[in-house]
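Here you go:
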């Protein structure tokens, strides 16, 4: 079915993808974005001056250049008059940028769009930008509770242990799997295999999670060149990887999962919650838009901010039933060569998070896999891939790509 | 000089001792409860909007989940860099009648080893930190039956 119809909204072609390797390089985010953009343009065989529109995924860590990332990258690549947009949706910024680019193409406003995201991350915990802001939930959770991102990951992990019987050893196996895959990926920051013993020996950060259960924060950049299908054919790309869905949904009231950066959930006292959680609705919207279901997937790239969260995504994507994720992992189904490989890129476990670049990097991996060009980490017969991610403040992010 | 006791956030909690309560607001039209309080608008998309009146939250609930903070959180969390870091537990508590989950720090001395999911806890007054002039107050969750 991946070969045939155009889904609900019509496809756009992925003409090119590119990345700047993840790491701690100590340079400005703009430099990573330019490297990634040039790599994607080269991969696409497109001259930057022929790009109609550029969409930047913002970073809050670069001052004004970060808030106007689209213009920042356009200027760095050399002003050429393209339409510009900059979007911010925390960890989901990359998906918003892809969604914006796709909407421009499908509506006929642009034929070729460059999407770029890059970040230069500080050392240690992510923290809110400075100043006293008692109206800002992100500021409040640090001021009142000292609730860092890993403490939320710890809450989710403990909840899984209580509800489903997951164990810290199960969580460690996610890291073992992803580290082995990241070792095969030249763009990953961490390229060393990790053992379950090494995970267990690492320091507890937020009980029950240890340092090696939690993703780092990284520098990195990723870019994608999207085009209309007609343009792609004229350009000589007869069977390009196609984006068939971009889900950027918000939660439904009442949201009953304690999401970052909230101090409390919505109350379900007046309105009965929807059947699925917000995270499951992110994937559901992507499936519906693409006209596929989880059974059609060849592989998935999910946001493993922690090892336990990767397991949560298995269930939210419908790869298995509720509470069955650890079993799916232990059976090897989500390893390379398994029934539904997850995070063959190595995931955030191997990359660390470069916030505005990460959802774009997920689509880079989808593209390499669907082209059959992923080398040692290639998923056999990859035809349909999905990404999944959730940004702070209620941002869904899921992309379906096919070939 | 005695310090002034000031809530870390105004109007989120009230009372002393056994009368200590978290403060929410409730929509007069649809009965939705909001914590942290919404004073300007009801966030139920199916509600045309009513008056938002202050209501105390139930003092007791059950542990939805818990964790701790083994490393010193960054600013704006206030800590004394001269002192070694003492981890504290965080508890997410499900309130049955309001059908919501509220996060809070555990009372001093409570560690993750003392907690289980489903355990009953109660809200108690607590101190977040002190500076020369002010004792900044907050709420803590504490297993019921435990006294400070």
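Residue numbers (this note's numbering), protein chains in the order written: chain A, 1 to 403; chain B, 1 to 148. Glycine included, each C-beta is placed from N, C-alpha and C at the ideal position. Note that the structure is a prediction, hence the values are computed from the model and not measured.
Cβ-Cβ separation, residue j to residue i (assumed contact under 8 Å), whole Å
| i | j | result |
| --- | --- | --- |
| residue 401 (chain A) | residue 303 (chain A) | That belief does not hold up - the Cβ atoms of residue 401 (chain A) and residue 303 (chain A) are roughly 16 Å apart, past 8 Å. |
| residue 46 (chain B) | residue 271 (chain A) | 7 Å |
| residue 116 (chain A) | residue 223 (chain A) | 5 Å |
| residue 342 (chain A) | residue 365 (chain A) | At roughly 11 Å, the Cβ-Cβ gap does not stay under 8 Å, so residue 342 (chain A) and residue 365 (chain A) are not in contact. |
| residue 292 (chain A) | residue 384 (chain A) | 6 Å |
| residue 316 (chain A) | residue 184 (chain A) | Not really, about 26 Å apart at Cβ, beyond 8 Å. |
| residue 408 (chain A) | residue 199 (chain A) | Residue coverage of chain A in this structure runs from 1 to 403, which leaves residue 408 (chain A) outside it and unanswerable. |
| residue 142 (chain B) | residue 106 (chain B) | 7 Å |
| residue 323 (chain A) | residue 35 (chain A) | That pair is no contact at about 43 Å. |
| residue 166 (chain A) | residue 326 (chain A) | 5 Å |
| residue 63 (chain B) | residue 115 (chain B) | 6 Å |
| residue 89 (chain A) | residue 96 (chain A) | 4 Å |
| residue 245 (chain A) | residue 256 (chain A) | About 26 Å separates the two Cβ atoms, so there is no contact after all. |
| residue 84 (chain A) | residue 92 (chain A) | The Cβ separation is near 20 Å, so there is no contact. |
| residue 171 (chain A) | residue 308 (chain A) | 5 Å |
| residue 15 (chain A) | residue 46 (chain A) | 6 Å |
| residue 65 (chain B) | residue 117 (chain B) | 6 Å |
Beta bridge counterpart(s) of residue i as assigned by DSSP
| i | result |
| --- | --- |
| residue 90 (chain B) | B:67 and B:105 |
| residue 390 (chain A) | A:396 |
| residue 93 (chain A) | DSSP output for residue 93 (chain A) lists no bridge partner at all. |
| residue 226 (chain A) | A:14 and A:113 |
| residue 22 (chain A) | Answer is none; residue 22 (chain A) lacks a bridge partner. |
| residue 269 (chain A) | The partner list for residue 269 (chain A) (beta bridge, DSSP) is empty, contrary to what the question assumes. |
| residue 55 (chain B) | B:24 |
| residue 31 (chain B) | Bridge partners of residue 31 (chain B): none, in fact. |
| residue 220 (chain A) | A:119 |
| residue 136 (chain B) | B:6 and B:129 |
Interface flag, residue i vs chain A, CB-CB below 8 Å
| i | result |
| --- | --- |
| residue 141 (chain B) | no |
| residue 23 (chain B) | no |
| residue 65 (chain B) | yes |
| residue 138 (chain B) | yes |
| residue 8 (chain B) | yes |
| residue 112 (chain B) | yes |
| residue 121 (chain B) | no |
| residue 102 (chain B) | yes |
| residue 146 (chain B) | no |
| residue 117 (chain B) | yes |
| residue 133 (chain B) | no |
Neighbour flag for residue i against chain B, beta carbons, 8 Å
| i | result |
| --- | --- |
| residue 258 (chain A) | yes |
| residue 154 (chain A) | yes |
| residue 204 (chain A) | yes |
| residue 341 (chain A) | no |
| residue 120 (chain A) | no |
| residue 270 (chain A) | yes |
| residue 351 (chain A) | no |
| residue 127 (chain A) | yes |
| residue 124 (chain A) | yes |
| residue 207 (chain A) | yes |
(request) With 9 Å as the limit, tell me which residues of the stretch 68-85 of chain B have their beta carbon closer than that to any beta carbon of chain A; keep them in chain order. (result) 68, 69, 70, 71, 72, 73, 74, 75, 76, 77, 78 and 79
(request) Give the residues from the stretch 31-61 of chain B that approach chain A closer than 8 Å (Cβ to any Cβ), ordered along the chain. (result) Residues of the stretch 31-61 of chain B that bring their beta carbon within less than 8 Å of a beta carbon in chain A comprise 31, 32, 33, 34, 35, 36, 43, 44, 45, 46 and 47, in sequence order.
(request) Determine which residues of the stretch 368-393 of chain A have a Cβ less than 7 Å from any Cβ of chain B, and write them out in chain order. (result) none
(message) At a CB distance below 9 Å, what residues from the stretch 161-195 of chain A approach chain B? Give them in sequence order.
(response) Listed by position, the residues of the stretch 161-195 of chain A near chain B (Cβ gap below 9 Å) are 161, 162 and 163.
(request) Anything in the stretch 84-100 of chain B with a Cβ closer than 7 Å to a Cβ of chain A? List those residues in chain order, please. (result) 90, 92, 98, 99 and 100
(message) If we require 4 or more residues per run, which alpha helix (DSSP H) segments fall completely within the stretch 325-392 of chain A?
(response) Counting only runs of at least 4 residues, the stretch 325-392 of chain A fully encloses the following alpha helix (DSSP H) elements, listed from N- to C-terminal order: 325-330, 347-351 and 355-371.
(request) Using a Cβ-Cβ cut-off of less than 7 Å, give me the residues of the stretch 236-267 of chain A that come near chain B, in sequence order. (result) 253, 258, 263, 264, 265, 266 and 267
(message) So within the stretch 38-72 of chain A, which uninterrupted alpha helix (DSSP H) runs reach at least 4 residues, ignoring any that extend past its ends?
(response) 64-67
(request) With 9 Å as the limit, tell me which residues of the stretch 134-159 of chain A have their beta carbon closer than that to any beta carbon of chain B; keep them in chain order. (result) 134, 137, 139, 140, 141, 142, 143, 144, 145, 146, 147, 148, 150, 151, 152, 153, 154, 155, 156, 157, 158 and 159
(message) Suppose only complete runs of 3+ residues qualify. What are the beta strand (DSSP E) ranges in the stretch 283-317 of chain A, listed by chain order?
(response) 299-302
(request) Could you name each continuous beta strand (DSSP E) segment of 3 residues or more that falls completely within the stretch 162-217 of chain A, going from the start of the chain to the end? (result) 204-206
(request) List in chain order: all unbroken beta strand (DSSP E) runs of 3+ residues lying wholly within the stretch 227-257 of chain A. (result) 241-247
(message) So within the stretch 107-153 of chain A, which uninterrupted beta strand (DSSP E) runs reach at least 3 residues, ignoring any that extend past its ends?
(response) 112-119
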